[in-house]
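Read the structure below first, then the notes.
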Amino acid sequence: MEFRFALRDNGMRAAFQLLHMVLEHNVWLEDAFDRAIQLYLSYYRSIPKSLERSTAHKLMLAMLNHDERFVEPSPHSLQKLTLQSVKDAVMNQFVGSNMEVSIVGDFTEEEVESCVLDYLGTVRASSSPTIEERIEKISFRPFPSDVHFQQVYIKDTDERACAYIAGPAPNRWGFATEGNDLFNVIQRSDADAEISEPVSLDLTGKRHINVRSHPLFFGITLSLLAEIINSRLFTTVRDSMGLTYDVSFELNLFDKLDLGWYVIAVTSTPSKVHKAVDACKGVLRGLHSSRIVERELDRAKRTLLMKHEAETKTNAYWLGLLAHLQSSSVPRKDVSCIKELTTLYENATIEDLYIAYEHLKVDDSSLFACIGIAGAESGEDTNDDEPDVDLHGMGPMGGRGLSTMTRPTT
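Okay, here's the thing in structure tokens:
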């Protein structure tokens with residue numbers, strides 16, 4: 001859970017007061033709980049009315065084997081909740097050892113210290129300070145199954161189509177879905193090679209980093225890889241073949257969960273969407289037959305470095321960089337992941353990107369795809385006004401109401 005406060009002049013003390021009230025004087029009302037239940041029921045019931053959301057939720061349920069932690073709660077799940085069970089679930093997380101406070105802005109050390117002592121220093125110790133964080137295993141659906149490829153049909157006056165293609169990826173810190181630490185795999189593959197120093201200087205005094213030994217190796221290389229795949233998808237599937245209105249490749253890299261996934265999102269027409277999906281798969285799998293060249297890598301580096309430079313002017317971006325820096329649950333994140341970020345991008349090589357690419361699952365047994373088609377005569381209408389009991393959408397990201405525009409990347 002995350003609280004963010006945008007402060008006006010002299011607003012820091014007010015923000016700390018609010019945080020203190022949440023921790024010490026929180027109020028749970030039955031009518032507010034009922035309104036929240038109704039809100040999520042409305043999200044759930046609106047899923048079949050959206051082509052994109054219907055397609056997205058069907059893909060996610062298939063890929064993650066009906067794991068409800070990544071989807072909209074169903075009426076059946078919501079009925080099991082009580083105000084007390086929800087309160088316990090939330091407040092059990094609000095313990096000192098499980099909290100991280102990051103502050104970005106123009107302030108004095110004395111001001112922050114005073115607020116911390118007055119409002120966080122007066123929070124009572126938890127009665128169970130040694131709560132062990134336990135995350136139940138998340139797994140992708142095994143192959144073979146009849147849901148690796150699915151279709152959704154919706155009756156609509158406008159003919160249109162979309163598709164999502166997804167598959168497993170490592171998380172930001174190099175842990176894969178099988179629980180493997182991929183840094184061990186890299187070290188074994190380089191065992192017979194000459195191991196360079198983590199940091200070195202060339203004759204001009206320029207600093208060089210051995211990217212493969214850095215904890216952010218997979219975060220850096222996968223981000224560069226995503227830029228290159230995105231560019232290839234756009235130029236090939238959209239511009240050259242004319243099969244899509246839009247196409248994009250996105251990575252969802254977690255910090256605490258030992259997995260991640262990628263998603264290709266396609267917007268097309270009913271007559272072209274199947275060919276577009278096949279073309280996207282071809283681009284995704286084609287990085288060995290059509291190898292990455294320096295020009296592509298340089299362009300990806302420029303794009304990400306320019307984006308980083310622009311966003312460092314915002315407080316929100318700095319808060320994102322600082323997230324988990326103090327957390328014992330993300331032990332590989334240290335201050336070098338911020339200080340050396342630009343150097344890591346600059347030092348990454350094509351060979352580094354191919355090491356990361358080897359751990360993107362792009363084979364038929366790992367890929368999941370779902371095509372959504374809307375039209376006056378859909379032929380195989382699988383969506384009624386009310387979803388079935390097992391129908392779920394994607395969970396909200398960042399605030400109330402945002403789940404009405406769900407995508408598999410949330």
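Take 1 as the starting number for the sequence shown in full-length UniProt numbering and just add one per residue.
We treat Cβ as the ideally placed atom computed from N, Cα and C, and that holds for glycine.
Next on the checklist: For Ile371, list the residues DSSP reports as bridge partners.
Outcome noted: Gln151 and Ala163
Next on the checklist: If you follow the alpha helix (DSSP H) that Thr221 is in, where does it begin and where does it stop?
Outcome noted: Phe217 to Leu233
Next on the checklist: Within the continuous alpha helix (DSSP H) that includes Asn347, where are the two ends?
Outcome noted: Leu341 to Asn347
Checklist entry - In the UniProt domain "Peptidase M16 C-terminal" (223 to 304), which residue ranges form an unbroken alpha helix (DSSP H) of at least 4 residues, counting only runs that do not cross its ends? => result 273 to 285
Checklist entry - For the candidate residues Phe16, Ile292 and Ala323, whose alpha-carbon lies nearest to that of Asn98? => result Ala323
Item to check | Given 8 Å, three or more beta-carbon pairs between the stretch 289 to 304 and the stretch 73 to 86 | outcome: no
Checklist entry - His76: buried (16+ other C-beta within 10 angstroms of its C-beta) or exposed? => result exposed
Item to check | One or two residues paired with Pro168 in a DSSP bridge | outcome: Trp261
Item to check | Asn171 vs Leu225 beta-carbon contact at 8 Å | outcome: No, the Cβ-Cβ distance between Asn171 and Leu225 is not below 8 Å.
Next on the checklist: Which residues does DSSP list as the beta-bridge partners of Phe3?
Outcome noted: Note: Phe3 sits in no beta bridge, so no partner.
Checklist entry - According to the neighbour-count rule (16 or more other Cβ atoms, all chains shown, within 10 Å of its Cβ), is Leu229 buried or exposed? => result The displayed chain sequence assigns Ile, not Leu, to residue 229. Answer is buried; the Cβ neighbour count reaches 16.
Item to check | First and last residue of the uninterrupted alpha helix (DSSP H) at Ala15 | outcome: Met12 to Glu24
Checklist entry - Between Asp352 and the rest of its own chain, which residues show a CB-CB distance below 6 Å, the 5 nearest in sequence each way excluded? => result Val211 and Thr221
Checklist entry - What is the DSSP secondary structure of Asp352, reduced to helix, strand or coil? => result helix
Checklist entry - By DSSP, does Val71 sit in helix, in strand, or in coil? => result In the structure shown, Val71 falls within a strand segment according to DSSP collapsed to helix, strand and coil.
Next on the checklist: Tell me the rounded alpha-carbon separation between Lys155 and Lys49.
Outcome noted: 9 Å
Item to check | Rounded C-alpha distance that separates Val263 from Arg141 | outcome: 16 Å
Next on the checklist: Is it buried or exposed, Thr108, if we count other Cβ atoms within 10 angstroms and call 16 or more buried?
Outcome noted: exposed
Checklist entry - Among Ile338, Thr55, Trp173 and Tyr345, which has the Cα closest to the Cα of Glu227? => result Tyr345
Next on the checklist: Here's a check: name, in chain order, each residue in its chain whose Cβ is nearer than 7 Å to the Cβ of Gly219, leaving out the five neighbours to either side.
Outcome noted: Arg172 and Leu253
Item to check | Cβ-based burial, Ala348 [other Cβ within 10 Å; buried from 16] | outcome: With 16 or more Cβ atoms within 10 Å of its Cβ, Ala348 is classed as buried.
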